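Structure record follows, encoded as structure tokens.
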Amino acid sequence: MPVEKSPAIVFCDFDGTITAQETFVGILKHFAPSVSSEILPKIFSKEITLRQGVRQIVESIPSSAYPDQLQNFVQDKAIRPGLSSLIDYLDSRHIPFVVVTGGIRYIVEAVLKRENLLEKCSKIFGIDVDATQEKLKVISEWESGNELVAK
């Protein structure tokens with residue numbers, strides 16, 4: 001039986017929406033505490049853009065932290081109650097569930113995989129990182145304006 005295409009699609013943020021708490025800022029503070037303490041206030045006061053600040057912080061994180069240490073950091077971060085049921089419902093009705101995050105795509109994948117939800121997610125848009133040098137390097141196909149992932 002052919003699968004009908006749905007006229008609907010659900011887009012969802014990750015940090016503080018899929019997860020019960022903000023995880024990306026926690027990662028930044030944990031893995032780059034001194035740079036985060038300097039840069040985050042500048043982002044919040046709009047002295048610098050989110051795009052500039054997040055890039056500076058992420059690119060100060062040693063590549064040795066990726067992916068294992070970052071994944072371990074989010075292993076105990078809970079997802080919101082009801083998310084699994086929502087995704088199951090959408091999946092049963094062939095309604096695509098798409099995650100759009102300004103955070104690291106690999107972290108989203110790790111959390112969704114842990115919850116057995118990754119295969120039900122149609123697409124994840126987020127930043128990628130190159131860990132081949134001493135420090136992480138941000139890679140984003142959707143960089144525009146003030147954001148690393150323009151929404």
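Anchor point for the sequence shown: position 36 equals 36 in UniProt numbering, and the numbering is continuous, going up by one each time. Heads up, the beta-carbon is just placed ideally off N, CA and C, and yes, glycines get one too. Keep in mind that this is a model prediction, so the values were computed, not measured.
- Residue pairing from DSSP leaves THR23 without any beta-bridge partner.
- THR19 places its beta carbon less than 8 Å from that of LYS77.
- Comparing C-alpha distances from LEU83 to each of ASP128, GLU141 and LYS120 shows the shortest one belongs to LYS120.
- If you ignore the 5 residues before and after VAL58, its C-beta comes within less than 6 Å of the C-beta of LEU136 and VAL138, all in its own chain and listed in chain order.
- Partner residues in a beta bridge of ASP88, as assigned by DSSP, do not exist.
- Per DSSP, LYS77 has no beta bridge partner at all.
- A check of alpha carbon separations from GLN133 across ASP15, PHE24, PRO62 and VAL10 identifies PRO62 as the nearest.
- Of the other Cβ atoms in all chains shown, fewer than 16 fall within 10 Å of the Cβ of VAL98; this residue is therefore exposed.
- Excluding its 5 nearest sequence neighbours in each direction, ASP91 has C-beta neighbours in its own chain below 7 Å: LYS120, listed in chain order.
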